[in-house]
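A short worksheet on the structure shown next.
In our numbering, the protein residues as written are 478 to 960.
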């Protein structure tokens, strides 16, 4: 009977079979070892990555801590969507100053002054600002009017505004491009020779020392830096009203439920007090940040998308206190309209809060009020136009208006340019020679009237008749008759 050993009696065959089994087992062992090593290296890599990511606990009172405490509120939004809650949490305080109503001209009762061409143009531009209309054409006219008024009253510092300025807002290592839009922006006068179309920036390496041009000019501003902004309240209200769009339903039907919801969202953006608008806080903050931050974007400013969020790497800036201002005006008030000048000194502590949102910086004087932003606003009366420059100069300060030229604070410097000079009536002088010449011309006219030919037929009607035809005479026509 055959056995299994007899079938595989050849030793060579058994050796080959054992070699094949050994090779397969060794290959499985090496593959498992390689898989183990790769898994181990991956786990080590993940461990190193997890060790690199450290969760920084925000300090109490920092911006991150404030957003954590109000997680249900929309705080991390663009400035046009800021509400009164942003003003409260950022510590912004609005303080109204007494209205500036002097100087005014002291005129006797019943005395009439004739305005000059300059005064008429300024009056027309002021009436343009007062109108409440918020159409795009009216907004363009208001921007043109405020530029003309400021360049006329302060030609040395406010003669070159930038229309349609768009400033960046910096938050930690992120930059939100072109989120703060300003209809008109004026920059520091020391940069009059530079282009106003470029982004106002300074390299971060120059933060530690003051620019030499600012020291030479005797002002705290660096060259070509924003110092004054203009905003129209009606235009701002129109932007908020049309901020949220509504997609129409099937067959182009109106979507009323969504439209009502969007109107409610727009209504929530309206401040309780129009004088304490949170968008003014964003404008002042963006203007102050523009003095220190350097735009490191490789793309041109015109190609960068508005509202785009980018991550930036920059060394910590050495901030200092910066004074910035915003001017606006009443609209719809024909009787007693006012300019409103907002002034704020944005402190280095407040700027550090946005540079390091996970930290709660303390002020140098250990004063909690200095952590926020103190904003004062001053009403300045429109009328009378005589003294308007001096009234605005009191509100804007010496950085824009310059030092007073006169010792009397109630002196009106534009008295002569705004009034038409009253010249005495000029009467023509009549001489004896001119009288004789006039008599000669009159005699010539009278003599020529008797030299006309008599009518050739009885049907001819007199010349004075309406239906009669005028006859052509042979005499030459005197130029005095044509006139």
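Ideal placement from N, C-alpha and C gives every residue a C-beta, glycine not left out. Quick caveat: nothing in here was measured; it's all calculated off a predicted structure.
CA-CA distance, residue i and residue j?
i	j	result
residue 557	residue 650	21 angstroms
residue 809	residue 660	20 angstroms
residue 719	residue 542	32 angstroms
residue 829	residue 545	19 angstroms
residue 815	residue 654	33 angstroms
residue 624	residue 638	7 angstroms
residue 803	residue 594	29 angstroms
residue 630	residue 857	14 angstroms
residue 554	residue 894	48 angstroms
residue 813	residue 861	10 angstroms
residue 737	residue 859	39 angstroms
residue 722	residue 739	8 angstroms
residue 574	residue 874	14 angstroms
residue 564	residue 547	14 angstroms
residue 818	residue 636	18 angstroms
residue 888	residue 706	27 angstroms
residue 687	residue 820	For residue 687, the predicted model reports a pLDDT of 35, less than 50, meaning its position is unreliable; a value from the coordinates is still stated below. Whole-angstrom Cα-Cα distance: 22 angstroms.
residue 801	residue 704	5 angstroms
residue 767	residue 871	26 angstroms
residue 758	residue 569	8 angstroms
residue 869	residue 552	35 angstroms
residue 580	residue 864	5 angstroms
residue 614	residue 708	16 angstroms
residue 566	residue 656	20 angstroms
residue 627	residue 896	19 angstroms
residue 956	residue 618	In this prediction, residue 956 scores a pLDDT of 34, lower than 50, which makes its location untrustworthy; the coordinate-derived value is nonetheless stated afterwards. Roughly 50 angstroms separates the two Cα atoms.
residue 646	residue 559	13 angstroms
residue 852	residue 765	13 angstroms
residue 632	residue 598	16 angstroms
residue 771	residue 537	29 angstroms
residue 891	residue 596	10 angstroms
residue 880	residue 698	16 angstroms
residue 762	residue 805	17 angstroms
residue 734	residue 652	35 angstroms
residue 578	residue 590	20 angstroms
With respect to the alpha helix (DSSP H) encompassing residue i, which residues constitute its N-terminal and C-terminal limits?
i	result
residue 735	733-745
residue 563	561-567
residue 848	It is not in any alpha helix (DSSP H) - residue 848 carries neither H nor E in the DSSP assignment.
residue 819	Unbroken run through residue 819 is the beta strand (DSSP E), 815-823; no alpha helix (DSSP H).
residue 839	Looking at the DSSP string, residue 839 is not in any alpha helix (DSSP H), and its letter there is neither H nor E.
residue 545	540-546
residue 758	755-766
residue 972	The structure shown does not extend to residue 972, since the chain is modelled only from 478 through 960, so no value can be given for it.
residue 601	594-607
Can you find the residues in the same chain that come closer than 6 angstroms, C-beta to C-beta, to residue i, ignoring five residues on each side of it along the sequence?
i	result
residue 944	Because the pLDDT at residue 944 is just 48, under 50, the model does not fix this residue reliably, and the value given afterwards should be weighed accordingly. The answer is none, since no qualifying residue turns up.
residue 642	659 and 662
residue 827	850
residue 533	835
residue 535	541, 542 and 835
residue 616	712
residue 822	798 and 800
residue 866	630 and 891
Output needed for residue i: all residues of its chain with C-beta closer than 7 angstroms, excluding positions within five of it in sequence on either side, in chain order.
i	result
residue 550	562
residue 648	831 and 834
residue 466	The structure shown has nothing for residue 466, since the chain only spans 478 to 960.
residue 539	834, 835, 836 and 837
residue 797	825
residue 582	861, 863, 864 and 889
residue 620	640, 660 and 661
residue 622	602, 605 and 606
residue 611	711, 712, 714 and 715
Return the chain-ordered list of same chain residues with a C-beta closer than 8 angstroms to the C-beta of residue i, the five sequence neighbours on each side being excluded.
i	result
residue 811	607
residue 609	711, 808 and 809
residue 713	754 and 756
residue 854	571, 572, 573, 574, 752, 817, 818, 819 and 820
residue 600	592 and 862
residue 576	815, 855, 856, 857 and 858
residue 732	723, 724, 725 and 726
I need the boundaries of the beta strand (DSSP E) containing residue i, first residue and last residue.
i	result
residue 703	703-707
residue 799	799-806
At least three beta-carbon pairs within less than 8 angstroms, the stretch 750-768 to the stretch 720-731
no
Any contact between the stretch 704-719 and the stretch 741-750? By contact I mean 3 or more CB pairs, one from each, below 8 angstroms.
Enough Cβ pairs lie closer than 8 angstroms, so yes.
Give, in chain order, every unbroken run of the beta strand (DSSP E) that is at least 3 residues long and sits entirely within the stretch 612-671.
Segments of the beta strand (DSSP E) lying fully in the stretch 612-671: 639-648 and 651-664.
Enumerate, from N- to C-terminal direction, the unbroken alpha helix (DSSP H) stretches of 4 or more residues contained entirely within the stretch 859-889.
Unbroken alpha helix (DSSP H) runs of no fewer than 4 residues, entirely contained in the stretch 859-889, are found at 865-873 and 875-878, following chain order.
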